[in-house]
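Asker: Structure incoming, see below.
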Amino acid sequence: MSTWSRPSEKEVLSGFNIRLAAYLEVEVHLLELNNEVLHLRAAEAETKKKEDFDKLTANYERTIAEMRTSIAQMVKEKKRLEIEKEVAVAEIEQLHNKTENLMTTVKKLQEASYHNKHGIQRLQAELVSEEERHRELDIENKKLIAEAAELKRQYEIMEKQVKEMSVNNAAVQNEYEAMKEDFELLKKTQGEKLEMVSRRYEMEMSAAVEQMERDYSSRLENELETQRGEFISRLNKYTSDVERAYRMGLSDTSGTQSLDESVEESAKLSTDFQVSWEKLHKQKTIIDEREKLVIELENKLRIARADGNIRKKQRDETIAKQQQHLNRLRYECEILEGLNEHLDAELQSYRNLLDDEESRLSISRESLSVNDADVQQFISVGRFAVKTEEETPNRNCSIETGSEGENGQFVRLHNHGAQAVSIGGWMIRSEGDEKEIVYRFHPQQILDSGTAITVWSAISGNIETSPGDIVMKTQRWPTEKCTKITVVDDLGAVVVTHESADSFDRQGRLHIYM
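In the UniProt record's numbering, the protein residues as written are 1 to 514.
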């Protein structure tokens, strides 16, 4: 009986061991599957979080790019306003220079008026008839009426120009206000959008993290309870089996061996349970690391949001500075416009003073002119320059004088006729600086139709490219204000004459077509 019971007990215990090993293997496989599911869910959550963060980053970079574009446009507008300011300052300096020239001209005219006063007194002494005096006064009255009409016409033109400038300034102001409103609206809209996106993303992240924590906690508790119940049931079952085997084998010497095997089996089950518990603890550690990663990502998001707020504040400060700079430029432009109006008023007062002086001396501008038909003298108030030109009958030739650089004076001769002209032996005579400079052309020199030939001073630095440019070897043209240039042909006849007293602008050029 005892020999038959030992193999049967061994077989029973072996069957129990096989079933227990199979059951443990199934449980381990289930745990591994659950672990893989948790891995997949964590990867999906991380991928979704990364996609949301990438979207937020792209929106932030796009907003920054739009802001940089707006700032670049404002910088361009600032440069344009600075250029306009420099142009206005240059024009004011030119106005100052021209005002000084006008004062010099007024003084010369006062001296001329003083000399003319003595001439008028001498003429008045020769007048013996009240009828002739009345006729002269009538003529002067007509001239004054004509001048008054001309001044009225000029005043109307200037008034129309002032109105046009006012309309243009109003249009520019309206455009500026519209651009300012658009910019404020755009800034407000972008701020609201950014705040809305940040708030929505923060709410979604918080809800997702809380849901993950709840799911994980509930799943972990369920698994622990299930494993604890299963282990307790298996332990109770094996304990009852061991006790039953112990009671059945008390009369047999093999009972001790069966008890030892049962104890070993229990120890093995305890070891397997400890291994399973360690695996579960490792899974919990991995999940804790994932939670730490989520917290770290939230901190990074918070830092990025704070950085975005700082950059937004810096952008607002930059925009405010640009706005202040634009307001300052507008104020400076208004000051320049006021200064321009003040200069115009002073010039008008000078003109009125000159007219009053002429009226007091009983003379007019026409009485100051020379009756010679070939000589013309005029005053250009708009350019603040006094020019005197003397014409000759030759209408196919002209002289151009000017400078390029500090000492690059030149004299240029134009042929406006339909045929080529032989200027061999011709001379250009320039009188100025209390000396006379003469240049004689080559005997075979020809000036084609519609072309020009330029004679440069020796110190001009130009290179001679015959026949268009000629550089004198040692001579240089006079540089003082009052110069007279005469072109004489090979027979000694004067072809064209140019006499100028306008050289305050050494970079300008003067064209006189004779």
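Just so you know, even glycine gets a beta-carbon here, dropped at the ideal spot from N, CA and C. This structure is a prediction, so every number in the text was calculated from the model and none was measured.
Should L102 be labelled buried (16 or more other beta-carbon atoms within 10 Å of its own) or exposed?
Answerer: Buried.
Asker: How long is the line joining the alpha carbons of F384 and G308, rounded to whole angstroms?
Answerer: Interpretation of F384 is limited by its pLDDT of 30, a score under 50 that renders its predicted location unreliable; the figure taken from the coordinates is listed afterwards. For F384 and G308, the distance between alpha carbons rounds to 58 Å.
Asker: Can you give the beta carbon distance from L413 to I453, rounded, assuming they're within the 8 Å contact cut?
Answerer: 5 Å
Asker: Give a yes or no on whether the C-beta atoms belonging to Q227 and N35 are separated by under 8 Å.
Answerer: no
Asker: Is DSSP giving G417 helix, strand or coil here?
Answerer: The answer is coil: DSSP assigns G417 none of H, G, I, E or B.
Asker: Which same chain residues end up closer than 8 Å to I145 when comparing Cβ atoms and leaving out the 5 residues on each side of it in sequence?
Answerer: Closer than 8 Å at Cβ, skipping near neighbours: no residue.
Asker: Using a threshold of 8 Å, state whether the C-beta atoms of S430 and T497 are closer than that.
Answerer: no
Asker: How many Å lie between G229 and G15 at the Cα?
Answerer: Straight-line Cα distance between these residues: approximately 23 Å.
Asker: Indicate whether the contact test is met: 3 or more Cβ pairs, each with one atom in the segment 43 to 52 and one in the segment 201 to 208, closer than 8 Å.
Answerer: Touching, yes.
Asker: Would you kindly work out how many angstroms separate the C-alpha atoms of N327 and V411, rounded to a whole number?
Answerer: 49 Å
Asker: By how many angstroms is the C-alpha of H442 removed from the C-alpha of V471?
Answerer: Using only the alpha carbons, I get a separation of about 13 Å.
Asker: In the DSSP assignment, what are the bridge partners of I428?
Answerer: Y439 and V487
Asker: Closest to Y60 by C-alpha separation, out of E223, R330, E150 and M196, would be which residue?
Answerer: With respect to the C-alpha of Y60, the residue from E223, R330, E150 and M196 having the closest C-alpha is M196.
Asker: What's the gap between the Cα of E27 and the Cα of T63?
Answerer: Going from the Cα of E27 to the Cα of T63 covers about 54 Å.
Asker: Just the Cα atoms here: how many angstroms apart are R135 and S349?
Answerer: 31 Å
Asker: Roughly how far, in whole angstroms, is the beta-carbon of E329 from the beta-carbon of L95, given that I think they are within contact range, below 8 Å?
Answerer: Per the sequence shown, residue 329 should be read as Leu rather than Glu. Their Cβ separation, rounded to whole angstroms, is 20 Å, which puts L329 and L95 out of contact at 8 Å.
Asker: If distances are taken between C-alpha atoms only, which option among K143, Y23 and V294 comes closest to E44?
Answerer: V294
Asker: Name the two residues that bound the continuous beta strand (DSSP E) containing T479.
Answerer: Premise fails: T479 is in no beta strand (DSSP E) and is neither H nor E.
Asker: In the structure shown, what three-state DSSP assignment does E499 receive?
Answerer: In this structure, E499 counts as strand in the three-state DSSP scheme.
Asker: Specify the secondary structure class of T451 as computed by DSSP and reduced to three states.
Answerer: coil
Asker: Only counting runs of 3 or more residues, tell me where the beta strand (DSSP E) segments fall wholly within the segment 23 to 82, in order along the chain.
Answerer: For the segment 23 to 82, there is no continuous beta strand (DSSP E) assignment of 3+ residues that stays within its boundaries.
Asker: Could you have a look at Q445 and say whether DSSP puts it in helix, strand or coil?
Answerer: coil
Asker: Am I right that I446 and V487 are in contact with their C-beta atoms under 8 Å? What's the rounded C-beta distance?
Answerer: Not quite, the Cβ-Cβ distance comes to about 15 Å (not below 8 Å), so this is no contact.
Asker: Here's the rule I'm using: 16 or more other beta-carbon atoms within 10 Å means buried, otherwise exposed. How should Q419 be labelled?
Answerer: exposed
Asker: Between the alpha carbons of N168 and E147, how many angstroms are there, rounded?
Answerer: 31 Å
Asker: Give, in chain order, every unbroken run of the beta strand (DSSP E) that is at least 3 residues long and sits entirely within the segment 302 to 360.
Answerer: Listed in chain order, the beta strand (DSSP E) elements of length 3 or more contained wholly in the segment 302 to 360 amount to none.
Asker: For residue 519 versus Q409, is the C-beta spacing smaller than 8 Å?
Answerer: Because the chain here runs from 1 to 514, residue 519 falls outside it and cannot be looked at.
Asker: Are K78 and H325 close, meaning C-beta to C-beta below 8 Å?
Answerer: yes
Asker: Can you name the start and end residues of the beta strand (DSSP E) that I470 belongs to?
Answerer: D469 to V471
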